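S.K.:
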Amino acid sequence: MTNTRTEALITEMVAHARTGSDVIPAFFQPVFGRSNHVSAAIRAAVKRGLLVQNGVDGTGKPKYAAVIPSATHTSTTSIH
């Protein structure tokens with residue numbers, strides 16, 4: 003069970019990732035201090051299958067990307 007602030011961060015991160023950008027957790031931290039909601043949002047999004055780790059940033063910390071949706075059906079064909 004996540005709270006509303008964590009859910010808002012999940013929504014923001016997934017929307018950011020769907021634009022083709024990487025989700026680097028440090029960029030979602032507040033200007034002053036640290037927020038535990040950021041790591042909770044990452045864990046929840048990975049567990050739900052919304053984000054996947056796609057490498058590390060310049061400091062060796064993991065970065066994440068949106069999961070590419072799998073095909074739900076075969077391609078259409080025409081009958082001649």
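Position in the sequence shown counted from 1, then plus 2, gives you the working numbering.
C-beta: ideal position from N, C-alpha, C; glycine also.
Small disclaimer: the values here were computed from a predicted structure and weren't measured.
At 3 residues or longer, what runs of the beta strand (DSSP E) sit wholly inside the segment 44 to 79?
M.R.: 53 to 58 and 64 to 68
S.K.: Kindly indicate which three-state DSSP category V25 falls into: helix, strand or coil?
M.R.: Translated into the one-based positions of the sequence shown, residue 25 becomes position 23. Residue state, collapsed to three classes: strand.
S.K.: Starting from T8 and walking both ways along the alpha helix (DSSP H), at which residues does that stretch end?
M.R.: Numbered from 1 along the sequence shown, position 6 holds the residue referred to as residue 8. T6 to R20 is the extent of the alpha helix (DSSP H) around T8.
S.K.: Can you grab the Cα-Cα spacing for the pair Q55 / T78, in whole Å?
M.R.: For the purposes of this step, residue 55 is taken as residue 53 along the sequence shown, with counting starting at 1. For the purposes of this step, residue 78 is taken as residue 76 along the sequence shown, with counting starting at 1. Their Cα atoms are separated by approximately 32 Å.
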